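Below is one structure, written out as structure tokens, with a few remarks after it.
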Amino acid sequence: MIKKIFILLAVPLFLLIIPQKLMAASISLSDPSSDILSEVNQEFEITVNLSINAADGTKYYLRSVFFKSGTNKYCGYTWSGQNWYNGPFSSNDGWKNLPSIIISSDSAQTRVKSKLDPLDNDCNSSGEYFFKVERYTQGGSGSFDDQNEQKIIVDIKAPTITVKPTLIKTPTATSGFKSKSDPIIVAPSITVSPTLAVIVINSSSISSILSSEFAISDSITASADVDLSTVAGLAGRRIGNLTYLTLIIGISLIFAAAFWSFKKINNFRN
């Protein structure tokens, strides 16, 4: 009776332990390309060694994830061999876009490549991150096996914004001067030259004075005949000078005529 009870308790326990032992898996991560990421698009590579009790030829898919300490907000891209992929994973056969491995002798090894997601707020800032690998079955069931998570320091430098000044062409004051292309207008110069006034004394009037002793006054008047057209346009100050010159000439002629008359009278008396 006691033996039967022991068998009944041992069989269910055996059935629970054996599947877990057969399906137990672990992942070993090694040889990371870097432990510091200085750019959000910098690639990260690491070797993945999967140990699992599974039949040869069993296929699994591997997803690379980044996350911050104390959170389960996973992010990042995984390189499939043809393109970068970041989900969805559990629907529409999304897991088949991940790199795959084939089990041989209860193990498989490959090298996965991943990078941060610059559009994910949980994955695009500087700080301390951790990295691990999620395993998907062919049916799309995903799980995180025991593994040595990798610590990665993300130090993304903020972009430097350089402001380039924009040159704006502004008008320049010319202070009233024209440019070289403008025509230069030269004003004509006006030169005023003084005109020499010529006083013309009629020679016939002088002859009349010399031929007549009693026509002195008429001769003086005739001899003072001046061509007024020759003095047109002279300044007022020159008119006074000409009048003074005319007066001197007239007086000289009077004295000459008187002297000539006096001489003729003396000759007549003698």
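As numbered in mature numbering (1 follows the signal peptide of the UniProt record, and there is no 0), residues -24 to -1, 1 to 246 make up the sequence shown, in order. Built from N, CA and C at the ideal position, the CB exists for glycine as well. For clarity, every value in this text was computed on a predicted model and none was experimentally measured.
- Message: Going by C-alpha to C-alpha distance, which of L92, Q123, S101, S66 sits closest to A(-1)?
- Response: Position 24 of the sequence shown, counting from 1, holds the residue named residue -1. Nearest option by C-alpha distance: Q123.
- Measure the C-alpha to C-alpha separation of A30 and S66 and round it to an integer number of angstroms. Counting from 1 along the sequence shown, the entry for residue 30 is found at position 54. Counting from 1 along the sequence shown, the entry for residue 66 is found at position 90. If I take the Cα positions, the gap works out to 22 Å.
- Straight-line CA distance for E125 to F107? Here residue 125 refers to the residue found at position 149 of the sequence shown. Here residue 107 refers to the residue found at position 131 of the sequence shown. One alpha carbon belongs to E125, the other to F107, and they sit about 6 Å apart.
- Task: Taking the CB atoms as reference points, tell me whether Y61 and K91 lie closer together than 7 Å.
- Result: Locating residue 61 in the sequence shown gives position 85, counting from the first residue. Locating residue 91 in the sequence shown gives position 115, counting from the first residue. No, Cβ-Cβ distance for Y61 and K91 is not below 7 Å.
- Tell me where the beta strand (DSSP E) around Q126 begins and ends. In the sequence shown, the residue the question calls residue 126 occupies position 150. Counting along the chain, the unbroken beta strand (DSSP E) around Q126 starts and ends at 126 to 130.
- Message: On the DSSP bridge list, what partners appear for S55?
- Response: For this step, residue 55 is matched to residue 79 along the sequence shown. Residue 55 is actually Trp in this sequence, not Ser. Per DSSP, W60.
- Task: Answer yes or no: do L42 and K49 have a C-beta to C-beta separation smaller than 7 Å?
- Result: Start at 1 with the first residue of the sequence shown, and residue 42 comes out as number 66. Start at 1 with the first residue of the sequence shown, and residue 49 comes out as number 73. One point to set straight first is that residue 42 is Phe, not Leu, in the sequence displayed. Cβ atoms of F42 and K49: not closer than 7 Å.
- Item | For P75, the three-state DSSP class (helix, strand or coil) | In the sequence shown, counting from the first residue as 1, residue 75 sits at position 99. When DSSP states are grouped into helix, strand and coil, P75 belongs to the coil group.
- Query: Straight-line CA distance for D98 to I128?
  - Reply: Residue mapping note: residue 98 aligns to position 122 of the sequence shown, counting from 1. Residue mapping note: residue 128 aligns to position 152 of the sequence shown, counting from 1. Approximately 14 Å between the Cα atoms of the pair.
- Message: Within 10 Å of its beta-carbon, does I224 have 16 or more other beta-carbons around it, so buried, or fewer, so exposed?
- Response: For the purposes of this step, residue 224 is identified with residue 248 of the sequence shown, where counting begins at 1. Its Cβ having fewer than 16 others within 10 Å, I224 is exposed.
- Message: When you compare the CB positions of W71 and G116, do they come within less than 7 Å of one another, or not?
- Response: Counted from its first residue, the sequence shown places residue 71 at position 95. Counted from its first residue, the sequence shown places residue 116 at position 140. Cβ atoms of W71 and G116: closer than 7 Å.
- Message: Going by the DSSP bridge assignment, what does G115 pair with across the sheet?
- Response: Position 139 of the sequence shown, counted from the start, is the residue given in the question as residue 115. According to DSSP, which records beta bridges pairwise, G115 is partnered with nothing at all.
- Task: On a CA-only basis, which of K240, S40, E19, E15 is nearest G118? Give me that one, please.
- Result: By 1-based counting over the sequence shown, the position of residue 118 is 142. Nearest to G118 by alpha-carbon distance, out of K240, S40, E19, E15, is S40.
- If we call anything under 7 Å between Cβ atoms a contact, is I77 one with Y36? Indexing the sequence shown from 1 puts residue 77 at position 101. Indexing the sequence shown from 1 puts residue 36 at position 60. Cβ atoms of I77 and Y36: closer than 7 Å.
- Message: Report the CB separation of V109 from L5 in whole angstroms; it is logged as a contact under 8 Å.
- Response: Mapped onto the sequence shown, residue 109 falls at position 133. Mapped onto the sequence shown, residue 5 falls at position 29. Contact between V109 and L5 holds: CB atoms are separated by about 7 Å, below the 8 Å threshold.
- Message: My assumption, with CB atoms under 8 Å, is that K89 sits in contact with E21. Please give the rounded CB distance.
- Response: Position 113 of the sequence shown, counted from the start, is the residue given in the question as residue 89. Position 45 of the sequence shown, counted from the start, is the residue given in the question as residue 21. 5 Å between Cβ atoms; contact.
- In terms of residue numbering, what span does the beta strand (DSSP E) encompassing G16 cover? Start at 1 with the first residue of the sequence shown, and residue 16 comes out as number 40. Looking at the sequence provided, one finds Val at residue 16 rather than Gly. Note, V16: premise wrong, no beta strand (DSSP E); not H, not E.
- Message: Spatial neighbours of C51 within its chain, please: C-beta separation below 8 Å, excluding the five flanking residues on both sides.
- Response: Taking the first residue of the sequence shown as position 1, residue 51 is located at position 75. Answer for C51: V41, F42, F43, N62, L92, D93, D96, D98, C99, listed in chain order.
- Query: Any idea what DSSP makes of L26, helix, strand or coil?
  - Reply: The residue given as residue 26 occupies position 50 in the sequence shown. Secondary structure at L26: strand, using DSSP grouped into helix, strand and coil.
- Task: Drop a sphere of 10 angstroms on the beta-carbon of A84, count the other beta-carbons inside from all chains shown, and report buried for 16 or more, exposed for fewer.
- Result: Here the question's residue 84 lines up with position 108 in the sequence shown. Counting C-beta atoms within 10 angstroms of its own C-beta, A84 has 16 or more neighbours from the protein chains shown and is therefore classed as buried.
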